[in-house]
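In what follows, a structure is listed as structure tokens, so that the remarks can point back to it.
Protein chains: 2
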Amino acid sequence: MSPTKQILALNRFEASDGAALAPELAARVARRQATFGASSVLFYKEPIEMVRAEGVFMYDAHGKRYLDVYNNVPSVGHSHPAVAEAVARQIAVLNIHTRYLTKPAEAYAEKLLSKFPAPLSNLTMTCTGSESNDLAMRIAEAATGKRGFVVTRAAYHGNTHHVTAISPSSMKSKPVPDFVRVIPEPDPALAPGGDVAAFFAGNLQAAIDDLEEKGIGFAAVIVDTIFSSDGIFADPPGFLQAAVEVAHKAGGLFIADEVQPGFGRTGGGLWGFSRHGIVPDIVTMGKPMGNGFPMAGVVTRPDLLSLFCEETGYFNTFGGNPVAAAAGSAVLDVIEREGLIDNARDVGAYFKAGLSTIMGNRRDIGAVRGAGLFIGLDFIDADGRPDQGLATFVINAMKERGILIGAAGLWGSTLKIRPPLCFAKDNADFFVDTLRAILAER
Amino acid sequence: MSPTKQILALNRFEASDGAALAPELAARVARRQATFGASSVLFYKEPIEMVRAEGVFMYDAHGKRYLDVYNNVPSVGHSHPAVAEAVARQIAVLNIHTRYLTKPAEAYAEKLLSKFPAPLSNLTMTCTGSESNDLAMRIAEAATGKRGFVVTRAAYHGNTHHVTAISPSSMKSKPVPDFVRVIPEPDPALAPGGDVAAFFAGNLQAAIDDLEEKGIGFAAVIVDTIFSSDGIFADPPGFLQAAVEVAHKAGGLFIADEVQPGFGRTGGGLWGFSRHGIVPDIVTMGKPMGNGFPMAGVVTRPDLLSLFCEETGYFNTFGGNPVAAAAGSAVLDVIEREGLIDNARDVGAYFKAGLSTIMGNRRDIGAVRGAGLFIGLDFIDADGRPDQGLATFVINAMKERGILIGAAGLWGSTLKIRPPLCFAKDNADFFVDTLRAILAER
Chain A
1 MSPTKQILAL NRFEASDGAA LAPELAARVA RRQATFGASS VLFYKEPIEM
51 VRAEGVFMYD AHGKRYLDVY NNVPSVGHSH PAVAEAVARQ IAVLNIHTRY
101 LTKPAEAYAE KLLSKFPAPL SNLTMTCTGS ESNDLAMRIA EAATGKRGFV
151 VTRAAYHGNT HHVTAISPSS MKSKPVPDFV RVIPEPDPAL APGGDVAAFF
201 AGNLQAAIDD LEEKGIGFAA VIVDTIFSSD GIFADPPGFL QAAVEVAHKA
251 GGLFIADEVQ PGFGRTGGGL WGFSRHGIVP DIVTMGKPMG NGFPMAGVVT
301 RPDLLSLFCE ETGYFNTFGG NPVAAAAGSA VLDVIEREGL IDNARDVGAY
351 FKAGLSTIMG NRRDIGAVRG AGLFIGLDFI DADGRPDQGL ATFVINAMKE
401 RGILIGAAGL WGSTLKIRPP LCFAKDNADF FVDTLRAILA ER
Chain B
1001 MSPTKQILAL NRFEASDGAA LAPELAARVA RRQATFGASS VLFYKEPIEM
1051 VRAEGVFMYD AHGKRYLDVY NNVPSVGHSH PAVAEAVARQ IAVLNIHTRY
1101 LTKPAEAYAE KLLSKFPAPL SNLTMTCTGS ESNDLAMRIA EAATGKRGFV
1151 VTRAAYHGNT HHVTAISPSS MKSKPVPDFV RVIPEPDPAL APGGDVAAFF
1201 AGNLQAAIDD LEEKGIGFAA VIVDTIFSSD GIFADPPGFL QAAVEVAHKA
1251 GGLFIADEVQ PGFGRTGGGL WGFSRHGIVP DIVTMGKPMG NGFPMAGVVT
1301 RPDLLSLFCE ETGYFNTFGG NPVAAAAGSA VLDVIEREGL IDNARDVGAY
1351 FKAGLSTIMG NRRDIGAVRG AGLFIGLDFI DADGRPDQGL ATFVINAMKE
1401 RGILIGAAGL WGSTLKIRPP LCFAKDNADF FVDTLRAILA ER
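Those protein sequence lines, which keep their order, are chains A and B.
For the first sequence, the numbering used here assigns the number 1 to the initial residue and increments by one for each residue that follows.
For the second sequence, the numbering used here assigns the number 1001 to the initial residue and increments by one for each residue that follows.
Below you can see the structure in the form of structure tokens.
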């Protein structure tokens, strides 16, 4: 089985597993598969039916409570009343596209853009991170006249045709297309001498050279600035600077995919790229932007957006509607009012320290790393190799004990720890204690 | 100026026009352009700031009321309380992706799929019509192993990279890519002997032959089943049957893009394809599906969806969340409870008759056509040629008199009449009387 197949199969319900589900659950799953068909993806060998959620907790149909350490979309907390109220208020009054002026859309655009460094001053509103990355690719193509992209080898940037091409983790067997080059994730364990910056920039340079040599040319490198699907790589801060320099020197762009790290998760400002002291050419956003209200966006420089719009008309029907703007604005307000960036930093550091304590006593944890409330924890076998089986075991055991968690990385052996940003220290304690107990009882 | 450029420029605010806007409006527009940049698209030489909307009416910042005869997203009526309440209720309780089971998602999928003929029994939820058409293209590619698509010459199917390739109306100067063939719209005026079915199917066959000859192969023909951007062509009912036969005989698929005609607008069932007595291989939906809540979908046969999923993992983070399901379910309920399909049929027929009366007395209206509450009205000059100038004049004069309307068609000379489905006969009277007066005073 290839690494990619491992990721796709990870902790996914498979009807073919023939697991003996309770009759009621079996019936629910059968209904799901009859309607959603082959595109149905359900978590766990025994899927969970969720009925409500609040803050850091979700509740299933049997009233069982789960601590959510997985879902990064309801980032300011499940069912946050400020977001729910903002949506409820606006949707009863006006919900229309941006070809009319509306105060909520313009006010939100100004509020969001005030969070970006110059010269990133134009916002295009879309509905999904996929749409944002699809647009970002085309802005880069228009700006450079080139079509080559460089991504990491377990990258996931979305689900459109064009974005799937730069998402190796979505491909089950086919290689990436000719215009895509795949480079290793910035893993200190892979970098000679642990020099992540030189390792990553060097691999980028080699990929660019190959694109140029093959006559494809280099449009952009696009990275999730915390490398979520690659296994979470945040350190050392600043390591992306060398990559930005390489991209610019080659005449291409640096696209920061902030769909995962954005909106405060890394605990060091709103954006993952801030950790690296860089200014990307294009920034894409999605998932947590509206705390679950479908909305996303692209921020870039006016000159780049203009080049794209010269040839292609772009309009997004739902993008930037006043209800989305109300949701997005409430999210920014809550992040500020509730001090969620500081909370991500403080609770994240506390959480990481707790996890590191477990690691200190065990040989099956290879590393704990991350920034803020985005932490990766590697499981390894006795030979130090990625242990996907252990990750899957832990994920299911955690579920039994009321914790939702998932995995990432090329081998699916890294716990992907990314709870809502209102996560508290006692939530972290519960997770650490539970993980310790599960591993001890193995 | 090419036809396509005409459409893109149609009734769009252009800063370069140097229109003398009132200072307050000029300031608002400047704020918009500073934030949205080159991707900002505003209607009218003097853009309108909207503040609220209800039923068939919208209200601007000065309290001026507009009868909405343009916006097809808030299809069951602006700010419909049933939709607003369904969203408000659900977003306060649970908003999560489909990798958990949720009753709202499964119940909505079953309700929606019950509105489709066999063998269309699988639904994939997305967020936008663009995402739906992007996915439909890939399902067709996977099913046929071919990559050629046939579309009409002013088609618009969405804004992703792949879908833009099959949307000639989005391209400002470049030709369509090598895998796309463009055929004329099914205009009775172009069809020899007025035989629209033979004309359209014959052109499709020629396009397919060319794709095969060039070694590209034929994957699918995709049509908006009421040909909105082409200028609205609904008659005679059944004319698409011959095209479906041609597509199937060539081993390709027929994709019905229901983003515009879907959800009752044509007054003859929920779908535009019903008018033609056909069963498409893939149906895509969008705009009115959630009355403005960002949601969309793809319905197809299980065998086709399975073929696609064999190679590519598809998951849509926001797609099928329970809030979208609640909105979509409320929309279906309102359509049924308020008899909106019958209303579209009855008021649409009444409306079309009223417009035809104007045409009977004038030489500058070439045709009135459509189905239900989707009506096209062609403006022509003294030589019988498309008169985009008159369409633009009417659109702006209508605005002054409190009516929102737009244009479509290859030359932008066709009034695109598609009000909310709760449109009443007195609303139609107001439109007809106003149009008559505007034309009389010219």
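From the three backbone atoms N, C-alpha and C, an ideal C-beta is built for every residue, glycine too.
Remember, it's a predicted structure, so these values are computed and weren't measured experimentally.
- With 16 or more other Cβ atoms inside 10 Å of its own Cβ, Ser1040 (chain B) counts as buried.
- Nearest neighbour of Arg1052 (chain B) by Cα position, chosen from A:Pro236, A:Met58, A:Pro237 and A:Gln90, turns out to be A:Gln90.
- Apart from the 5 residues on each side of it in sequence, Ala1330 (chain B) sits with its Cβ closer than 7 angstroms to the Cβ of Ala1082, Val1083 and Ala1086 in its chain, given in chain order.
- At a cut-off of 8 angstroms between beta carbons, Gly272 (chain A) makes no contact with chain B.
- Leu305 (chain A) carries a helical assignment under DSSP once its states are collapsed to helix, strand and coil.
- Under the three-state reduction of DSSP output, Ile1222 (chain B) falls in the strand class.
- Selection B:Ile1226, B:Val1279, B:Ala1242 and B:Asp1281 evaluated against Glu1258 (chain B) yields B:Ile1226 as nearest (Cα-Cα).
- Tyr44 (chain A) and Arg12 (chain A) have their alpha carbons spaced roughly 5 angstroms apart.
- From the beta-carbon of Asn1122 (chain B), the residues of chain A found nearer than 8 angstroms are Thr35, Phe36, Gly37, Ala38 and Ser39.
- Restricting attention to B:Gly1268, B:Pro1177, B:Pro1104 and B:Ser1173, the CA atom closest to the CA of Lys1115 (chain B) is found in B:Gly1268.
- The distance from the Cβ of Gly1145 (chain B) to that of Ile1208 (chain B) is about 15 angstroms, inconsistent with a contact at the 8 angstroms cut-off.
- Here Ala1367 (chain B) carries a strand assignment [DSSP, helix/strand/coil].
- Residue environment analysis places Glu311 (chain A) among the exposed positions, since fewer than 16 neighbouring C-beta atoms fall within 10 angstroms of its C-beta.
- With 16 or more other Cβ atoms from the protein chains shown falling within 10 Å of its own Cβ, Gly231 (chain A) counts as buried.
- The Cβ of Ser329 (chain A) sits no closer than 8 angstroms to any Cβ of chain B.
- Under the 8 angstroms Cβ criterion, the segment 319–330 of chain A does not count as touching the segment 158–176 of chain A, having fewer than three qualifying pairs.
- In summary, Pro23 (chain A) is exposed, with fewer than 16 beta-carbon neighbours lying within 10 Å of its beta-carbon over all protein chains present.
- Look at Glu49 (chain A): its C-beta is under 8 angstroms from a C-beta on chain B.
- A residue is called buried when at least 16 other Cβ atoms come within 10 angstroms of its Cβ; Ser173 (chain A) does not meet this threshold and is exposed.
- The beta carbon of Leu307 (chain A) sits closer than 6 angstroms to those of Ala142 and Ala143, all from its chain and outside the five residues before and after it, given in chain order.
- For Val1432 (chain B), the enclosing alpha helix (DSSP H) begins and ends at Lys1425 to Ala1440.
- The alpha carbon of Glu1185 (chain B) has as its nearest neighbour, out of B:Asp1178, B:Asp1195 and B:Pro1177, the alpha carbon of B:Asp1195.
- Taking a 10 Å sphere around the C-beta of Glu213 (chain A), we find fewer than 16 other C-beta atoms and assign the residue as exposed.
- Per DSSP, the unbroken alpha helix (DSSP H) holding Leu25 (chain A) starts and ends at Pro23 to Phe36.
- A Cβ-Cβ contact shorter than 8 angstroms links Pro386 (chain A) with Ser413 (chain A).
- When the alpha-carbon of Glu1131 (chain B) is set against those of B:Thr1317, B:Gly1376 and B:Glu1014, the nearest one is in B:Thr1317.
- Taking one beta carbon from each stretch, the segment 54–66 of chain A and the segment 289–305 of chain A have fewer than 3 pairs nearer than 8 angstroms; the two do not touch.
- Residue state for Tyr1108 (chain B) is assigned as helix, using DSSP reduced to three classes.
- In chain order, Tyr314, Phe315 and Asn316 make up the part of chain A whose C-beta sits under 7 angstroms from the C-beta of Asn1159 (chain B).
- Residue contact check for Phe1116 (chain B) against chain A: no CB pair falls below 8 angstroms.
- Contact check for Thr1160 (chain B) against Thr160 (chain A) passes: the beta carbons are separated by less than 8 angstroms.
- When C-beta atoms of the segment 1190–1206 of chain B are compared with those of the segment 1368–1380 of chain B, fewer than three pairs fall below 8 angstroms, so the two segments do not count as touching.
- Under the Cβ criterion (8 angstroms, minimum of three pairs), the segment 118–127 of chain A counts as touching the segment 289–297 of chain A.
- A contact between stretches requires three or more CB pairs, one per stretch, nearer than 8 angstroms, and the segment 1068–1081 of chain B meets this requirement with the segment 1333–1342 of chain B.
- For chain B, none of the residues of the segment 251–285 of chain A brings a beta carbon within less than 7 angstroms of one of its beta carbons.
- Spatial neighbours of Tyr70 (chain A) in its own chain (CB-CB distance under 8 angstroms, excluding positions within 5 residues in sequence) are listed in chain order as Leu404, Ile405, Gly406, Lys416, Arg418 and Pro419.
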